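Only one structure is covered here, and it is reproduced in the block below.
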Amino acid sequence: MRTTVGIIGAGPAGLLLARLLHRAGVESVVLESRDRDYVEHRQRAGILEQGTVDVLRAAGAGDRMDREGLPHDGIELRFARRRHRVDFPALTGGRSVMVYAQTEVCKDLIALQLEEGGPLLFGAEALAVEDADTERPRIRFRHEGREDVLECEYVVGCDGFWGVSRTAVPSGVSRVFERTYPFSWLGILADVAPSHDELVYARHERGFALLSMRSPSVSRLYLQVPAGTDAGEWSDERIWEELERRFETADDWALARGPITSKSVTPMRSYVHEPMRHGRLFLAGDAAHIVPPTGAKGLNLAVGDVVTFARALAHQRETGSRERLDAYSETCLRRVWQAERFSYEMTSMLHRAPDATPFDERIQLARLARLTASRAAETDLAHGYTGFPLE
Ligand SMILES: Cc1cc2nc3c(=O)[nH]c(=O)nc-3n(C[C@H](O)[C@H](O)[C@H](O)COP(=O)(O)OP(=O)(O)OC[C@H]3O[C@@H](n4cnc5c(N)ncnc54)[C@H](O)[C@@H]3O)c2cc1C
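Add 65 to a position in the sequence shown, counting from 1, and you land on the number used in the working numbering.
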């Protein structure tokens, strides 16, 4: 098998890249190890930055998002039983975000790819990327019990944090920067209308809590829990009681309860692999970097990476110059590190570290108080949340 761009992984990064390349008239093949149902139902991100919304629309993949997504103009910060709204458009000159689940983004992109695009093979596991530093990189993969080879001009590793593509970068070249946090998120989906019409980020002495949503009738809620927590340790009653305590306010706001349909625990990690390119292998999305979900940046960074690659390839095809492809890693990393910084700051401002001293707690509260008192501090948060621009 032969193609121009071999894409490993059909998460948001791989699927969007295939779509962008198809629109630009470039051939690609997507290899995805799992089946379609699994990819379409894996519960993860839900916040799309303004730039991501714009990219999906321009790629012809925004129709259902525009019909069913929930545009959000702000978030609420909650601490010391007080509530403070951050108004994004007022602080950023009109930017906002969209609540539209990653599962739905993937469903839309898969449907388009199967209808109009190049091959998208489910159950096709990439085993290795070979000859990445030559003009003819190859992906060795297994599909329907048979081993095969995909010969490419370029390989883009969109295979997430646990994929194989990153291992093709020689260890002497790779540098890893990481931090693991001593806490995780226990996330639930509940069949109940969200108790607030925007996301609520709550800092509490007992730990962080987040109120989010997937649709007008489905709530997504998270609790900070110790690293290594088993979701089975948390009964539904215990979850609702803890959420009520952490979201408590001085006014009459109340959290609506409903049947919990899913519980899962997500570890919190910051991770960057440098460089994001080795020869003709390009890493994109979670294959190259992870952020703790507090800043809602993971999916949006994945989108930024593949847009950068697609533009660089278009430039090469139009002008013959490889300059932008060669600069891919540096270009992406500038934005990645801003998102890492933002996610780290949101995480450390809102979570309770197990070894936090009374001094640390006062500093945390002072940071939150500064946000509510200073338009400059609030503007910085609003710009970070609605997204760093693509270069
Ligand atoms: C609980 C949670 C909440 C989150 N919330 C947010 C949020 O609000 N906003 C946000 O922006 N981000 C959020 N994220 C992060 C976001 O989900 C990820 O950053 C995003 O999925 C990255 O997309 P990706 O395509 O790079 O990788 P993935 O979505 O991980 O996709 C990689 C794909 O590659 C496939 N694959 C792996 N290995 C192979 C192989 N060897 N061969 C073939 N295929 C392979 C996998 O099966 C998978 O389908 C959240 C994550 C979690 C876990």
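C-beta: ideal position from N, C-alpha, C; glycine also. From a predicted model like this one, the values you see are computed outputs, not experimental measurements.
What do you get for Gly-360, buried or exposed, if any count of 16 or more other CB atoms within 10 angstroms of its CB means buried? buried
Nearest CA to the CA of Leu-264: which residue from Arg-201, Phe-153, Met-278 and Ile-253? Met-278
Run the proximity test for Ile-304: is its beta-carbon closer than 6 Å to any non-hydrogen atom belonging to ligand 1? no
Ignoring anything shorter than 3 residues or poking outside the stretch 132-199, list the beta strand (DSSP E) runs there in chain order. 135-137, 139-144, 147-152, 162-164 and 189-195
Let's see if you can read the secondary structure: which residues bound the beta strand (DSSP E) around Ala-274? 274-280
Assuming Glu-218 and Arg-345 form a contact by the criterion Cβ under 8 Å, report the distance between their Cβ atoms to the nearest whole angstrom. 7 Å
CB contact flag (Leu-85, Ala-375, <7 Å): yes
Can the beta-carbon of Val-151 be found closer than 7 Å to that of Ala-441? no
Coil, strand or helix - Leu-113 by DSSP: strand
Endpoints, the beta strand (DSSP E) within which Cys-213 is located: Inspection of the sequence shows that residue 213 is occupied by Asp rather than by Cys. Segment 211-216, the beta strand (DSSP E) holding Asp-213.
Rounded to the nearest angstrom, how far is the Cβ of Glu-410 from that of Ser-335, given a contact under 8 Å? The Cβ separation is near 11 Å, so there is no contact.
Do you know whose CA, among Val-194, Asp-425 and Ala-155, lies nearest Pro-235's CA? Val-194
Assuming Leu-364 contacts Ala-110 (C-beta within less than 8 Å), just tell me the rounded distance between them. 4 Å
Nearest to Ile-428 by CA position, among Ser-413, Pro-419 and Ser-439, is which residue? Ser-413
Neighbourhood of Ala-267 by C-beta distance below 6 Å, restricted to the same chain and skipping five residues each side: Arg-143, Ala-274, Arg-311 and Phe-312
From which residue to which residue does the beta strand (DSSP E) around Gln-289 run? 283-291
Quick check: what's the CA-CA separation for Asp-370 versus Glu-180? 24 Å
Excluding the five sequence neighbours on either side, which residues of its own chain have a C-beta within less than 6 Å of the C-beta of Thr-69, listed in chain order? Val-91, Glu-92 and Glu-218
Cys-223: beta carbon under 6 Å from a heavy atom of ligand 1? yes
Per DSSP, Glu-339 is paired with what? Arg-240
So, is Ala-123 buried or exposed, given that buried needs 16 or more other C-beta atoms within 10 angstroms? exposed
Proximity below 7 Å, CB of Val-120 to CB of Val-368: yes
Measuring CB to CB, does Ala-83 end up less than 7 Å from Gly-225? no
Among the residues of its own chain, which have a CB less than 6 Å from the CB of His-269, if the five just before and after it don't count? Arg-311
Buried versus exposed, by CB contacts within 10 Å (16 or more), Thr-396: buried
Suppose the cutoff is 8 Å on Cβ atoms and the five residues either side in sequence are ignored; what does the same chain contact list for Trp-402 look like? Val-337
Cβ neighbour criterion (16 or more within 10 Å) applied to Ser-98: buried
Nonlocal neighbours in the same chain, by C-beta distance under 6 Å from Pro-259, ignoring five residues either side: Met-278 and Ser-284
With a Cβ-Cβ cutoff of 7 Å, do Phe-153 and Asp-138 count as a contact? yes
Limits of the beta strand (DSSP E) - the one that His-87 falls within: Premise fails: His-87 lies in the alpha helix (DSSP H), 77-88, not in any beta strand (DSSP E).
Starting from Val-371 and walking both ways along the alpha helix (DSSP H), at which residues does that stretch end? 363-384
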